[in-house]
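Asker: Sequential numbering of the sequence shown, starting at 103, is according to my numbering.
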Amino acid sequence: RRSTMPTPTLLLLAALFRGGAAFAIGWPATVLSSRGSEVVRMAALPESERVAAVLLAGGSGKRMGAKDSSGKAMPKQFLELQGKSVLQLSLELLQKVDNLDLLVIVLAPEFRELDFLAAASATDSRIVFADPGAERQNSVENGLAKVGTDCTLVAVHDAARPLVTLDEIHRCLADAAEHGAAVLAVPMKATVKSSADGLFVQRTLDRKTLWEIHTPQIIRPEILRAGFRQCNEQNLEVTDDVSVVEQIGKPVKITLGEYTNLKLTTPEDVVIANEILRGRAA
Numbered sequence: 103r104r105s106t107m108p109t110p111t112l113l114l115l116a117a118l119f120r121g122g123a124a125f126a127i128g129w130p131a132t133v134l135s136s137r138g139s140e141v142v143r144m145a146a147l148p149e150s151e152r153v154a155a156v157l158l159a160g161g162s163g164k165r166m167g168a169k170d171s172s173g174k175a176m177p178k179q180f181l182e183l184q185g186k187s188v189l190q191l192s193l194e195l196l197q198k199v200d201n202l203d204l205l206v207i208v209l210a211p212e213f214r215e216l217d218f219l220a221a222a223s224a225t226d227s228r229i230v231f232a233d234p235g236a237e238r239q240n241s242v243e244n245g246l247a248k249v250g251t252d253c254t255l256v257a258v259h260d261a262a263r264p265l266v267t268l269d270e271i272h273r274c275l276a277d278a279a280e281h282g283a284a285v286l287a288v289p290m291k292a293t294v295k296s297s298a299d300g301l302f303v304q305r306t307l308d309r310k311t312l313w314e315i316h317t318p319q320i321i322r323p324e325i326l327r328a329g330f331r332q333c334n335e336q337n338l339e340v341t342d343d344v345s346v347v348e349q350i351g352k353p354v355k356i357t358l359g360e361y362t363n364l365k366l367t368t369p370e371d372v373v374i375a376n377e378i379l380r381g382r383a384a
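1. For Q304, which residues in the same chain have their Cβ closer than 6 Å to its Cβ, ignoring the five residues on either side in sequence?
2. Does the beta-carbon of V293 have 16 or more other beta-carbons within 10 angstroms, so that it is buried, or is it exposed?
3. I'd like the list of long-range same chain contacts for N244, defined as Cβ closer than 8 Å, with 5 residues on each side in sequence excluded.
4. Please report the residue range of the alpha helix (DSSP H) in which V347 lies.
5. On the DSSP letters alone, give me the boundaries of the beta strand (DSSP E) that L196 sits inside.
6. In the DSSP output, which residue or residues are listed as bridge partners for R305?
7. Answer with buried or exposed for E324, where buried requires no fewer than 16 other C-beta atoms within 10 angstroms of its C-beta.
8. Identify which residue in L158, L286 and L147 has its Cα closest to the Cα of E237.
9. Given a cut-off of 7 Å on the beta-carbon distance, is the pair Q179 and V188 in contact?
10. May I ask you to report which of helix, strand or coil DSSP gives K355?
11. Going by C-alpha distance, which of I356, S192 and V199 is nearest F218?
12. Is A146 helix, strand or coil by DSSP?
Have a look at this one:
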């Protein structure tokens, strides 16, 4: 059984993450935010660009194994970090994005009347809801269906990544505006090996060519729609949004992100995320 108690190693990692101190274990200095020793200049998005965000919050979070006070399974997007739910943190950040005209929350209907969501949707006319699909790509398609022709960029973001920064999002938006599609990513730090049977190593992959992909992933809506049409016609399954773009041979710009943009998947991630937020607030 996986322990949910923080270990000394986890606490050390959390301490290194606090305040954007990525340099402590050899991460590239260029990924430091303005909280570190290097100030990253905010990217300027042309006023003509109109942004729609699709916030994916329909996952079950089985690997997290979280439960509410009654012992019922709790989706990870409703776990609390520093007094706010994961979904609320992601929502409030996206509401601050430059040139944002529409914010589509992909969420099951039974959760839409939670206090913070009801308050947000009542006071922010940009917020609408869409139903989750059977798979991630179906959820993205459902969210994309709410996006009108006036929006020029669609930013798809996982609610389980509440630590992304506005600077990261704005730089990714600027890259997508220039190239048609862009994705936040960081260089792979670990050695990665492939295995055909899951028992023996087949080969070692060249780490210098590997990137860990984050969200948001930002795409021109017409490109994303064309990609989905091809995937549906060929019955293809994709695990992220820029894979749809790759299917139709369009380029995807890599926007250098931050290692603190964690995806909350296991209880250990929650420990680290709380420390990152505590450090940012200090």
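Beta carbons are placed, not taken as given, at the ideal position from N, Cα and C, and that holds for glycine.
The structure presented is a predicted model; accordingly, all values stated were derived computationally and were not measured.
Answerer: The short version:
1. Here residue 304 refers to the residue found at position 202 of the sequence shown. Within the same chain, Q304 has close Cβ partners S296, S297 and A298.
2. Taking the first residue of the sequence shown as position 1, residue 293 is located at position 191. For the record, residue 293 in the displayed sequence is Thr; it is not Val. Label assigned to T293: exposed.
3. Indexing the sequence shown from 1 puts residue 244 at position 142. These residues qualify, in order along the chain: V208, A232, D233, P234 and G235.
4. Counting from one through the sequence shown, the residue named residue 347 turns up at place 245. Per DSSP, V347 belongs to the alpha helix (DSSP H) from D343 to Q349.
5. Translated into positions along the sequence shown, residue 196 becomes position 94. Careful: L196 lies outside any beta strand (DSSP E), inside the alpha helix (DSSP H) at V188 to L196.
6. Here the question's residue 305 lines up with position 203 in the sequence shown. Note: R305 sits in a beta bridge opposite S296.
7. Your numbering for residue 324 matches position 222 in the sequence shown. So E324 counts as exposed.
8. Counting from 1 along the sequence shown, the entry for residue 237 is found at position 135. Checked all of L158, L286 and L147; the closest Cα to E237 is L158.
9. Here residue 179 is taken as the residue at index 77 of the sequence shown, counted from 1. Here residue 188 is taken as the residue at index 86 of the sequence shown, counted from 1. Yes, the Cβ-Cβ distance between Q179 and V188 is below 7 Å.
10. Position 253 of the sequence shown, counted from the first residue, corresponds to residue 355. K355 falls in the strand class under three-state DSSP.
11. Start at 1 with the first residue of the sequence shown, and residue 218 comes out as number 116. Here the closest residue by C-alpha is S192.
12. For the purposes of this step, residue 146 is taken as the residue at position 44 of the sequence shown. The answer is coil: DSSP assigns A146 none of H, G, I, E or B.
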